[in-house]
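In UniProt numbering, the protein residues as written are 1 to 177. Just so you know, even glycine gets a beta-carbon here, dropped at the ideal spot from N, CA and C. Quick caveat, the model's predicted, so the values are computed rather than measured.
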Amino acid sequence: MSIDTLRDLMPAYAKDISLNLSSLASEAVLNDQQKWGCFLASAHAVGVGPVVRAIEAAAAEKLSPEALNAAKAAAAIMGMNNIYYRSLHLMKNHEYTTLPARLRMNILANPGVEKMDFELWSTAVSAINGCGACLDAHEGELRKHGVPAQQVQTALRIGAVVHAASRIVASETALAA
């Protein structure tokens, strides 16, 4: 499977999503590791089988085994953190923000790839999971290290398009069942 295989799964009404997949796959704002890590982390964050398989196959041609693992780890850790920190942000009782999280997050200290690449992937996943607190934290780290806004935006665009493609594939699969 590949991005073209994934594009073939898009029905006519989702032509824009298909075209966005294609243009983002050839995007030059991010290097291959940054770009394909965003694609893979986003696919794993949504978790729709055909999308995960197509993107994993495409990413495997561009990413080292360590980067493949780190992208999946970004999806995993943000799957936990986005829920936890979004909950703290939404709750009226701010006492919970003063308590230690007491959740293991060791991967954040040593993700096995360049830290800013992992931050980009975490930003894309945080957008998918709708956690404003995590988006602000990761975007702040990226900006502090000189990552241009255009690169952050590209990570967000990848997350948005992979999310849309995943929802379309899941919906079409449900209709066919």
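- The three-state reading of DSSP puts A28 in coil, since its state is none of H, G, I, E or B.
- For the 8 Å CB-CB criterion, G159 and V125 form a contact.
- K144 and L24 have their C-alpha atoms roughly 25 Å apart.
- A Cβ-Cβ distance of about 22 Å is found for the pair S26 and I128, leaving them out of contact under the 8 Å criterion.
- Under the three-pair Cβ rule at 8 Å, the segment 53 to 72 does not count as touching the segment 133 to 147.
- Taking the CA atoms as reference points, P100 sits about 14 Å from S87.
- Across the set Q34, T5, I3 and I17, the C-alpha of Q34 shows the shortest separation from the C-alpha of Q150.
- A distance below 6 Å between beta-carbons, with the five flanking residues on each side excluded, links A155 to the following residues of its chain, in chain order: C38, L120, T123 and A124.
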